[in-house]
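Peer 1:
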Amino acid sequence: SAWARAIGGLSQRFPADDDIAALHGEALMDLRPWNYWTNGGRPKAPSTLETLRVLEPVVKRNPGHAGACHYYIHAIEASNDAVKALACAERLGTSMPGAGHLVHMPTHIYIRLGQWDVAAERNVHAVHADEQYINERQPTGVYPMAYYPHNYHMMWYALNMLGRSEDALKAAQGVVKNVPPEVVRQAPPLEYFSPTVLFTLARFSRWDDILREPAPPKDLRYTTGVWHYVRGLAYTGQGKVDSAAVERDRLMATAKATPADASANLNSVQSLFAIAKSHLEGEMAAKQGRTELSVKHLQKAIAGEDELTYDEPPPWYMPIRQRLGIVLLEASKPAEAEKAFRDDLVRRPENGWSLHGLAQSLQAQRRSKEAAVVEARFENAWARADVR
Numbered sequence: 003s004a005w006a007r008a009i010g011g012l013s014q015r016f017p018a019d020d021d022i023a024a025l026h027g028e029a030l031m032d033l034r035p036w037n038y039w040t041n042g043g044r045p046k047a048p049s050t051l052e053t054l055r056v057l058e059p060v061v062k063r064n065p066g067h068a069g070a071c072h073y074y075i076h077a078i079e080a081s082n083d084a085v086k087a088l089a090c091a092e093r094l095g096t097s098m099p100g101a102g103h104l105v106h107m108p109t110h111i112y113i114r115l116g117q118w119d120v121a122a123e124r125n126v127h128a129v130h131a132d133e134q135y136i137n138e139r140q141p142t143g144v145y146p147m148a149y150y151p152h153n154y155h156m157m158w159y160a161l162n163m164l165g166r167s168e169d170a171l172k173a174a175q176g177v178v179k180n181v182p183p184e185v186v187r188q189a190p191p192l193e194y195f196s197p198t199v200l201f202t203l204a205r206f207s208r209w210d211d212i213l214r215e216p217a218p219p220k221d222l223r224y225t226t227g228v229w230h231y232v233r234g235l236a237y238t239g240q241g242k243v244d245s246a247a248v249e250r251d252r253l254m255a256t257a258k259a260t261p262a263d264a265s266a267n268l269n270s271v272q273s274l275f276a277i278a279k280s281h282l283e284g285e286m287a288a289k290q291g292r293t294e295l296s297v298k299h300l301q302k303a304i305a306g307e308d309e310l311t312y313d314e315p316p317p318w319y320m321p322i323r324q325r326l327g328i329v330l331l332e333a334s335k336p337a338e339a340e341k342a343f344r345d346d347l348v349r350r351p352e353n354g355w356s357l358h359g360l361a362q363s364l365q366a367q368r369r370s371k372e373a374a375v376v377e378a379r380f381e382n383a384w385a386r387a388d389v390r
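Residues in the sequence shown are numbered consecutively from 3, following my numbering.
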């Protein structure tokens, strides 16, 4: 806070200095790092609006200021007005083609606006830029450990939303390859990256592949818990609910053995395990035809998902609202399913998973004209998908 006050005073003395203003904006952000907006898109503190008040004039009068644009994207991406950073983001992404992180940065806005294809493509470019930099300069430290695989991670999430399973799996393998266990042991919060392949297999219901995955190293507890969770999903998908219950219990045992302060990037491992448990139990109940119980578990998982600290890509790999919508649709509750899918589309615009579910929900309510419009949006979103 002392730094924020000091640089703020300097900014008042030199109001035309955009570099000082950009640093002032960053200092205000550092008062509440990654904690600027509620899940409903409202500012959490006066410093959030003060940050925008400082940065917005800079990006308006000096649209090529890379620092101010970078900070502005992070300051506004979790709000309901992420579109305000779109012009700035598009300039930033092409201004320094050799700087991988700046090539990547616009995708924080593209993902919020449902521009999944562009988000995936730009992260491919970011990976290439970073590969050249890393090969030439051989940097050590946080950049190759976290920033470089972050490109793959964002690419992976966008590809998931596009239904491009094979490309998503390749991106996931890129994440895991670049954050091996020995790196995680140096920086435990980076275990956030480690289950990405497991999550991909679960996202695309590749149950046999999941059951062939070997157990992770035992000291990687978050990944071990996720391994049990996805195995539980696989057994449930195969109709083996008793075996799924065994994996659920092993997930809970792993959670019990995990320190309360263990984190996966910005969120606690315990909060992520709680979502995994509720989701798995919801799927198990659905498989048994216990719709009311399934909905209860899935709603609990959604509540946990909504309480997570904002991150991009989102800290949970799959929107549980999508699964809730499917369970409700299969239980002949299309109006309730429609709400679940619409709620997800507010959070993740134009994703094919929820567009497809919404179209089915509308069709089940005999709202054929509306369903046809949504179906066309789905076909556009799913144009390059390899799953149906």
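Heads up, the beta-carbon is just placed ideally off N, CA and C, and yes, glycines get one too. All of these numbers come straight from a predicted model, not from anything done at the bench.
Please classify Arg166 as buried or exposed, where buried requires at least 16 other C-beta atoms within 10 Å of its C-beta.
Peer 2: buried
Peer 1: Suppose contacts are defined by Cβ-Cβ distances below 8 Å. Is Glu249 in contact with Arg223 by that definition?
Peer 2: Not closer than 8 Å, so no.
Peer 1: Can you tell me whether Arg350 is buried or exposed? The criterion is at least 16 other CB atoms within 10 Å of its CB, across all chains shown.
Peer 2: Arg350 is buried by the Cβ-count criterion.
Peer 1: Check whether the Cβ atoms of Arg114 and Gly95 sit closer than 8 Å, and answer yes or no.
Peer 2: no
Peer 1: Apply the 10 Å Cβ neighbour rule to Thr202 and answer buried if 16 or more other Cβ atoms are within range, or exposed otherwise.
Peer 2: Buried, since its Cβ has 16 or more Cβ neighbours within 10 Å.
Peer 1: In whole angstroms, what separates the C-alpha of His72 from that of Leu104?
Peer 2: Rounded to the nearest angstrom, the two C-alpha atoms are 8 Å apart.
Peer 1: By a C-beta neighbour count over all protein chains shown, 10 Å radius and 16 as the cutoff for buried, is Lys279 buried or exposed?
Peer 2: buried
Peer 1: Can we say the stretch 85 to 101 touches the stretch 323 to 337, given the rule of at least three CB pairs closer than 8 Å?
Peer 2: Because the criterion of three Cβ pairs below 8 Å is not met, the stretch 85 to 101 and the stretch 323 to 337 do not touch.
Peer 1: I'd like to check one pair, Gly100 with Ala131: are the Cβ atoms closer than 8 Å?
Peer 2: yes
Peer 1: Please name the residue, chosen from Leu310, Thr311, Leu200, Leu282, that lies closest to Lys298 on a Cα-to-Cα basis.
Peer 2: Leu282
Peer 1: So the candidates are Thr260, Thr142, Thr109; which of them puts its Cα closest to the Cα of His127?
Peer 2: Measuring from the Cα of His127, the nearest candidate turns out to be Thr109.
Peer 1: Below 8 Å CB to CB, which residues in the same chain sit around Trp5 once its five sequence neighbours on both sides are set aside?
Peer 2: These residues qualify, in order along the chain: Ala29, Asp32.
Peer 1: Let's test the definition: count the other Cβ atoms within 10 Å of the Cβ of Ser207 and tell me whether it reaches 16, buried, or not, exposed.
Peer 2: exposed
Peer 1: Opposite Ser207 in the DSSP bridges: which residues?
Peer 2: Note: Ser207 sits in no beta bridge, so no partner.
Peer 1: Using the DSSP secondary-structure output, state which residues sit across from Ser270 in a beta bridge.
Peer 2: DSSP, once it has assigned bridges, lists Ser265 as partnering Ser270.
Peer 1: Please report whether the beta-carbon of Phe275 lies at a distance below 8 Å from any beta-carbon of chain B.
Peer 2: In summary, chain B is missing from the structure at hand, where a single protein chain is found.
Peer 1: Does the count of Cβ pairs from the stretch 358 to 365 and the stretch 374 to 389 closer than 8 Å reach three?
Peer 2: yes
Peer 1: Count the other CB atoms, across all protein chains shown, that sit within 10 Å of the CB of Leu51; report buried if there are 16 or more and exposed otherwise.
Peer 2: Label assigned to Leu51: exposed.
Peer 1: For Trp158, name the three-state secondary structure that DSSP assigns.
Peer 2: Of the three classes helix, strand and coil, the one that applies to Trp158 here is helix, per DSSP.
Peer 1: Could you give the distance in angstroms between the alpha-carbon of Arg205 and the alpha-carbon of Trp158?
Peer 2: 11 Å
Peer 1: If distances are taken between C-alpha atoms only, which option among Thr238, Ser273, Ala264, Asp251 comes closest to Lys289?
Peer 2: By alpha-carbon distance to Lys289, the top candidate from Thr238, Ser273, Ala264, Asp251 is Thr238.
Peer 1: Based on the DSSP output, what are the partners of Pro45 in its beta bridges?
Peer 2: Trp39
Peer 1: CA-CA distance, Asp244 and Pro216?
Peer 2: 21 Å
Peer 1: Determine, using beta carbons only, whether Leu213 and Ala236 come nearer to each other than 8 Å.
Peer 2: yes
Peer 1: For the alpha helix (DSSP H) containing Met254, list its first residue and its last residue.
Peer 2: Start and end: 243 to 259.
Peer 1: When the Cα atoms are used, what is the spatial distance from His26 to Lys46?
Peer 2: 19 Å
Peer 1: Is Asn180 near Tyr154, with beta carbons less than 8 Å apart?
Peer 2: yes
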